[in-house]
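Counting in the UniProt record's numbering, the sequence shown runs from 1 upward without gaps.
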Amino acid sequence: MDSTKSTDEAAINIAELKSAEGKAPATHDVITKATPNPSGRAKRGIAIFDFVLRICALVAALAATSTMGTTDQTLPFFTQFFQFQASYDDLPTFTYFVVANAIVSGYLVLSLPFSIVCIVRPRAAGARLLLLIFDIVFVAFTIAAAASSAAIVYLAHNGNSNTNWLAICQQFGDFCQQVSGAVVASFVASVVLIFLVLLSAVALRRH
């Protein structure tokens, strides 16, 4: 009877070992699947940062557009028939500045859904590549507008004695302050767009 009992216990132990061996790979698979992918997490973090930067660039571009577009000053010590007035649309460079920054603002609004797609699907290389191409284009567009307007603002502040261009900021102080602020905001938008280009390049490099 003891031999029969020993045989039964040996059979039970063998069955338990086989059962444990059969379940071990399944447990390993569950652990492997539950382990988060660090690369995917990093790409999602880059995409979230990209979205935040796009909002910052949008705010800066809108501020530049609205500030320059509402710039207008009339000197108060002249009669209504004889006035000195300074407005942004008196200069084609400032008009271009307003149009360029308005277009950049529109692009940044349209790019937000693509940035959200990159957050939801961090491995979507197509949306990221599209954003990279358009970001490069609008970086050049924004810098061109800001740089050309900065040259006019410099002349307004300092003039140019060689060409007999007088500095007008002593008389039109408010006008010069507004256009200077608009140019600074546009340069901020340009810098943020450059960071967006670098982020997109890093995200694509990780693919």
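C-beta: ideal position from N, C-alpha, C; glycine also.
Residue range of the alpha helix (DSSP H) that includes residue i
| i | result |
| --- | --- |
| Phe114 | Pro92 to Val120 |
| Gly126 | Ala125 to Asn158 |
Euclidean distance between Cα positions of residue i and residue j
| i | j | result |
| --- | --- | --- |
| residue 213 | Ala60 | Only positions 1 to 207 of the chain appear in the structure, and residue 213 is not among them; the question remains open. |
| Gly181 | Asp174 | 11 Å |
| Phe195 | Val98 | 23 Å |
| Ala127 | Leu110 | 12 Å |
| Tyr154 | Phe51 | 34 Å |
| Phe94 | Ser149 | 6 Å |
| Thr70 | Phe187 | 19 Å |
| His157 | Phe172 | 10 Å |
| Val179 | Val139 | 20 Å |
| Ile143 | Val120 | 31 Å |
| Leu166 | Gly159 | 5 Å |
| Val192 | Gln73 | 31 Å |
| Val197 | Asp135 | 6 Å |
| Ala47 | Ser66 | 29 Å |
| Arg44 | Val117 | 10 Å |
| Ala42 | Ala124 | 14 Å |
| Phe141 | Leu91 | 19 Å |
Residues bridged to residue i [DSSP beta-bridge criterion]
| i | result |
| --- | --- |
| Asp72 | Ser87 |
Anticipated Cβ contact below 8 Å, residue i with residue j, distance rounded
| i | j | result |
| --- | --- | --- |
| Leu129 | Phe114 | Not really, about 10 Å apart at Cβ, beyond 8 Å. |
| Ile168 | Ala86 | 7 Å |
| Ala185 | Ala63 | 4 Å |
| Met68 | Tyr96 | Met68 to Tyr96, Cβ: 10 Å. No contact. |
Residue i: CB within 7 Å of a non-hydrogen atom of the ligand ADP
| i | result |
| --- | --- |
| Pro122 | With respect to the ligand ADP, the structure shown offers nothing to examine, as it has no ligands at all. |
Buried versus exposed, by CB contacts within 10 Å (16 or more), residue i
| i | result |
| --- | --- |
| Ile133 | exposed |
| Ser105 | buried |
| Leu112 | exposed |
| Ala145 | buried |
| Arg54 | buried |
| Ala147 | exposed |
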